[in-house]
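Taken in order, these protein sequences are the chains called A and B.
Count along the first sequence starting at 1, add 25, and that's the number in the working numbering.
Count along the second sequence starting at 1, add 20, and that's the number in the working numbering.
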Amino acid sequence: MTLALCFSASAEAGSRFEAGASAPVFSRASIDLTIVIPEFLRLGIVGSFGKIPNETSRTSASETSRAGALGVVGNGGTIVIATSFVASEPSQPLAVDTEIATVAYAVAMP
Amino acid sequence: MARFATMGGWGDEWVDEVTRSKKNRIHSRTRRLVCGLAASASLFVMLPAETASAYTITITSGTRAIYLQVGRGGYTGFYNTPGNNATVNVVSVAVPVASVGSGAAQVMTSNSTVSQSPVDGFAFCNPPSQVYIGAWSRPGAGTGVATLTVSTPANLTSGSDSIPFSQISWVMSGNGDAVFQFPNGTFTAGAQTLATFPANTWKEQCMTFSYANTVVPAAGIYTGRATYTLSLP
């Protein structure tokens with residue numbers, strides 16, 4: 026009769042010492058890794074303006090409209106964008122399903 | 021390099037005199053040691069293996085035994101009886117709001133307080149930014165080579181959300197060391213080999229972890245475990 030000694034170390038440890046076995050021995054130790062990601066929301070203008078509208082983003086004499094986009098990045102769940110491009114009109118919420126979204130917009134001079 | 025020992029079985033103490041000559045770390049330093057390497061029935065001598073500046077300690081052959089320590093360890097003092105320690109240290113980072121997904125790597129810190137090498141008490145690691153890792157293998161009568169691996173799942177998780185473990189890397193270092201025993205690396209799902217241990221060697225290093233921060237995860241606290249395994253066939 027052969028008595029086999031099996032040393033199977035716990036994985037829940039910082040150190041393990043194993044000794045005396047003639048069979049293969051294993052010593053296991055672990056570390057836990059944690060990454061904390063906070064909630065955030067960013068809104069930026071992208072597209073044809075490429076920057077906050079200013080003097081250089083005015084339409085030329087031949088142009089009557091410009092289009093652009095709002096880049097939205099967030100990680101707290103569904104992003105809801107309240108749009109109000111015209112001050113006289115009430116803002117309207119726009120639900121976005123993804124956590125990174127681009128919302129197009131346009132302005133025109135009829 | 022002289023050494024003498026009182027022989028014994030389980031729990032008996034040994035007295036070793038050890039000389040180590042690692043150029044960058046200890047210059048011909050002689051130290052008297054008290055070792056209680058359990059279950060051993062032969063001399064336990066630590067000799068310098070001067071390969072470049074690598075800090076590899078050679079121990080004499082003896083009863084088959086292995087030891088692995090990541091973070092907090094089970095040694096009682098230095099060179100004293102190795103043992104188990106149930107503490108699993110935590111390595112973490114809280115990404116600043118303005119930096120989430122920016123690609124700016126975030127250095128992780130640990131709750132490990134281990135700075136001294138269990139080999140000799142040398143102030144080897146710099147917690148909390150560094151985590152000690154060390155192991156030795158003594159295959160007994162055989163000449164087996166032990167292998168150190170680390171295994172991780174594919175992702176750290178927070179509920180149903182996840183961050184790939186490949187976002188976490190490590191850099192090896194150690195005060196006074198110039199040649200490192202284990203490679204730098206990045207976690208991948210599954211097992212990765214870190215080192216092999218020829219018969220009767222002790223290797224140690226300090227790990228600094230960082231989060232690549234190139235993804236935009238949902239807000240949450242993501243956790244995952246890396247398991248290091250020293251195996252001697």
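Glycine included, every Cβ here is placed at the ideal spot set by N, Cα and C.
One Cα belongs to Val-108 of chain B, the other to Ser-47 of chain A, and the distance between them is close to 28 Å.
Only residues of its own chain outside the window of five on either side were considered, and among them Pro-147 have a CB closer than 6 Å to the CB of Thr-133 of chain B, listed in chain order. Counting every other CB atom within 10 Å of its CB across the protein chains shown gives Ser-122 of chain B a total below 16, marking it as exposed.
Glu-64 of chain A reaches chain B at Ala-239, counting residues in chain order whose Cβ is nearer than 7 Å. In the DSSP assignment, Gln-225 of chain B forms a beta bridge with B:Ile-153.
For Ser-113 of chain A, the secondary structure class from DSSP, reduced to helix, strand or coil, is coil. Nearest to Val-165 of chain B by C-alpha distance, out of B:Pro-138, B:Asn-220, B:Cys-226 and B:Met-192, is B:Asn-220. Residue environment: Ser-55 of chain A is assigned as buried (16 or more neighbouring CB atoms within 10 Å of its CB, all protein chains considered). Linking Gly-205 of chain B to Pro-102 of chain B through their CA atoms gives a straight-line distance of about 28 Å. Taking a C-beta cut-off of 8 Å against chain A, the contacting residues of the region 224-249 of chain B are Phe-229, Tyr-231, Val-236, Pro-237, Ala-238, Ala-239, Gly-240, Ile-241, Tyr-242, Thr-243, Gly-244, Arg-245, Ala-246, Thr-247, Tyr-248 and Thr-249, listed in chain order.
Comparing alpha carbon positions, the residue from A:Leu-66, A:Ala-133 and A:Ile-62 closest to Ile-241 of chain B is A:Ile-62.
Per DSSP, the unbroken beta strand (DSSP E) holding Ser-55 of chain A starts and ends at 50-62. In the three-state reduction of the DSSP assignment, Ser-193 of chain B falls in the strand class. Contacts with chain A (Cβ-Cβ distance below 7 Å) from the region 211-222 of chain B involve no residue at all.
The Cβ neighbour count for Thr-103 of chain A, taken over all protein chains shown within 10 Å, is under 16; the residue is labelled exposed. Beta-carbon to beta-carbon, Ala-107 of chain A and Pro-118 of chain A are separated by about 5 Å, close enough to satisfy the 8 Å threshold. Proximity to Leu-58 of chain A across B:Thr-234, B:Pro-253, B:Ser-230 and B:Leu-88 peaks at B:Ser-230, based on C-alpha coordinates. Looking at the DSSP output, Thr-243 of chain B bridges to A:Thr-59 and B:Thr-177. Taking C-beta atoms as the reference points, Asn-233 of chain B and Ala-114 of chain B fail to come closer than 8 Å. Taken through DSSP and simplified to helix, strand or coil, Gln-187 of chain B comes out as helix. Counting only the Cα atoms, Glu-114 of chain A lies some 53 Å from Thr-208 of chain B. At least 8 Å separates the CB of Ala-133 of chain A from every CB of chain B. Proximity to Thr-172 of chain B across B:Asp-181, B:Ser-186 and B:Ser-180 peaks at B:Ser-186, based on C-alpha coordinates. Close to chain A, meaning a Cβ-Cβ distance shorter than 7 Å, are the following residues of the region 96-130 of chain B: Pro-102, Gly-103, Asn-104, Asn-105, Ala-106, Thr-107, Val-108, Asn-109, Val-110, Val-111, Ser-112, Val-113, Ala-114, Val-115, Val-117 and Val-120. In this structure, Leu-88 of chain B and Pro-49 of chain A do not form a Cβ contact; the two beta carbons are roughly 14 Å apart against a cut-off of 8 Å. Cβ proximity to chain B below 9 Å picks out Pro-49, Val-50, Phe-51, Ser-52, Arg-53, Ala-54, Ser-55, Ile-56, Asp-57, Leu-58, Thr-59, Ile-60, Val-61 and Ile-62 from the region 49-62 of chain A.
At least one CB of chain A lies nearer than 8 Å to the CB of Gly-91 of chain B.
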